[in-house]
Amino acid sequence: SCGPRRVLRHNPTSMRVFSGIQPTGDKHLGNLIGGFRQYARTQEEGEAFFCIVDLHSITVDYDPQDLHDRTLDLYAMLLATGLDPERSTVFAQSHVTAHAEAAWLLSAVTSYGQLGRMTQFKDKSEQREFVSAGLFTYPVLMAGDILLYQTDVVPIGDDQRQHLELARDVAARFNARFGETFVVPEAVYPEVGARIMDLQEPTRKMSTTGGTAQGTVRLLDEPDAIRKKFRSAVTDSGREVRRGDDKPGVSNLIDILSVATGRTPEAIEADYDGAGYGQFKADVGEAVVELVAPVQARYAELRADEGELLRLLARGAEKARVAAAPTLAAMYERMGFVRA
Ligand code: ATP
Ligand code: LTN
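Per our numbering: the sequence shown ends with 1705, consecutive numbering throughout.
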């Protein structure tokens, strides 16, 4: 075949993996379960790119010093949760100018109406007085992130479903209008834990930017804070430990325990048959403390050596620039720009 995979990649046979993570807000258990855990796994399956999407983080009100520090925090966290900077390309979006360029070029084939239907845009724009143009065009930048690398699979949590659909539409429209240029990417979601819910309000997703303080477990919370959050987690009426649409609180805790212990949700339901909520919640808290303890220890070590983090980030940027360049060049050419 002479599709984009063959022409615009150095190694056309391996699978390309790409995901992006925002350097805003403290990273939480939902990010670990729906995101980081999958990244570490998928990096073994192909040629993987993980991008700290700092350009996305300026679309809502933010503090420059905060963005700076959290970019390094997140890089250390990605390594602490299992990304290997030798094996994968881990980098900051703003270090590779192709991302900003691709976003502008792709805006020509992105539907204004579709952008307006993004639920994240609707939710976030409702919550604030000043709505930036970037909050609206955010998914175009995201489409560029993915398409620049001829990505086959995108490991993400359930909240990014609509954005991924848009990226696929943008790829297909560009290919139809200007010739086969992009691989149309597929999303992959974790089997259990694609949507971890807030422990206090289990009908909304766990989030440091939009959830409750007590219902959000931060990856850097002290063990006692974690235990306390689980002890006070909202459960549902009844006493049974089982999953169900009528039991969003308990279902969420079962998913969390399943991921933390590697046992199936069915086995957990059987274990706690007749046990009541008290012991169950205490056990989930303990399992999460154990899950994050090694991550916290590695993070502290990595974060202490800022010089090393910067050196590794520079290497990642170099590798990403090389990988993105052929696709960006093809975009310019096929769109009719003069290349002098
Ligand atoms: P937040 O809502 O806390 O601001 P986010 O979704 O904006 O988080 P990222 O840190 O970029 O920010 O997300 C990294 C990955 O974590 C994404 O793939 C996202 O889908 C996933 N993710 C975020 N929240 C959850 C959740 N509650 N459950 C499962 N996965 C999640
Ligand atoms: N929008 C995503 C972050 C993100 C992303 C990407 C994810 C930006 N670019 C490319 C996957 C692929 C979020 O808010 N979690």
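C-beta: ideal position from N, C-alpha, C; glycine also.
Just so we're clear, the structure is a prediction, and the values are computed from it rather than from any experiment.
Range of the contiguous alpha helix (DSSP H) that encloses residue i
{"i": "Phe1501", "result": "1498 to 1512"}
{"i": "Ile1621", "result": "1613 to 1626"}
{"i": "Gly1481", "result": "1477 to 1481"}
{"i": "His1464", "result": "1463 to 1471"}
Residue i versus the options, residue with shortest Cα-Cα distance
{"i": "Leu1397", "options": "Gly1447, Glu1673, Ser1602", "result": "Gly1447"}
{"i": "Leu1439", "options": "Asp1524, Thr1389, Ala1694", "result": "Thr1389"}
{"i": "Arg1452", "options": "Glu1698, Leu1693, Leu1677", "result": "Leu1677"}
{"i": "Gln1408", "options": "Pro1520, Glu1605, Leu1513, Gly1576", "result": "Pro1520"}
{"i": "Pro1681", "options": "Leu1444, Leu1432, Ile1621", "result": "It is Gly, not Pro, that sits at residue 1681 in the sequence shown. Checked all of Leu1444, Leu1432, Ile1621; the closest Cα to Gly1681 is Leu1444."}
{"i": "Ala1468", "options": "Asp1449, Ser1490, Arg1704, Tyr1697", "result": "Tyr1697"}
Which of helix, strand or coil DSSP assigns to residue i
{"i": "Val1660", "result": "helix"}
{"i": "Pro1429", "result": "helix"}
{"i": "Ser1366", "result": "Unreliable positioning characterises Ser1366 in this predicted model, as indicated by a pLDDT of 44, which lies under 50. The coordinate reading is nonetheless provided below. Three-state DSSP puts Ser1366 in coil, outside helix and strand."}
{"i": "Glu1494", "result": "coil"}
{"i": "Ile1521", "result": "coil"}
{"i": "Lys1684", "result": "helix"}
{"i": "Lys1390", "result": "Reading the sequence as shown, one finds Gly at residue 1390 and not Lys. Here Gly1390 sits in coil by DSSP."}
{"i": "Glu1666", "result": "helix"}
{"i": "Ala1640", "result": "coil"}
{"i": "Arg1608", "result": "coil"}
{"i": "Leu1373", "result": "coil"}
{"i": "Ala1413", "result": "strand"}
{"i": "Met1700", "result": "coil"}
{"i": "Met1442", "result": "helix"}
{"i": "Arg1583", "result": "strand"}
Supposed contact pair residue j and residue i - C-beta distance, whole angstroms, cut 8 Å
{"i": "Val1382", "j": "Val1518", "result": "5 Å"}
{"i": "Glu1471", "j": "Phe1401", "result": "For clarity, residue 1471 is Leu in the given sequence; the question names Glu instead. So it is not a contact: roughly 27 Å between Cβ atoms."}
{"i": "Val1474", "j": "Phe1415", "result": "Not really, about 26 Å apart at Cβ, beyond 8 Å."}
{"i": "Asp1510", "j": "Val1418", "result": "7 Å"}
{"i": "Met1507", "j": "Tyr1664", "result": "No, Met1507 and Tyr1664 are not in contact; Cβ-Cβ is about 26 Å, not under 8 Å."}
{"i": "Thr1546", "j": "Pro1369", "result": "6 Å"}
Terminal residues of the beta strand (DSSP E) in which residue i lies
{"i": "Ala1552", "result": "1551 to 1553"}
{"i": "Phe1401", "result": "Run containing Phe1401: none; DSSP gives neither H nor E here."}
{"i": "Val1535", "result": "Premise fails: Val1535 lies in the alpha helix (DSSP H), 1526 to 1543, not in any beta strand (DSSP E)."}
{"i": "Ile1591", "result": "Taken as a continuous stretch (DSSP letters only), Ile1591 belongs to no beta strand (DSSP E), being part of the alpha helix (DSSP H) at 1588 to 1596."}
In DSSP terms, what residue i is bridged to
{"i": "Thr1454", "result": "Phe1414"}
{"i": "Val1382", "result": "Ala1413, Val1518"}
Proximity test, Cβ basis, 9 Å: residue i and chain B
{"i": "Thr1407", "result": "No chain B is part of this structure, which consists of one protein chain only."}
The ligand COA heavy atom lying under 8 Å from the CB of residue i
{"i": "Asn1396", "result": "You won't find the ligand COA in this model; what it holds is the ligand ATP and the ligand LTN."}
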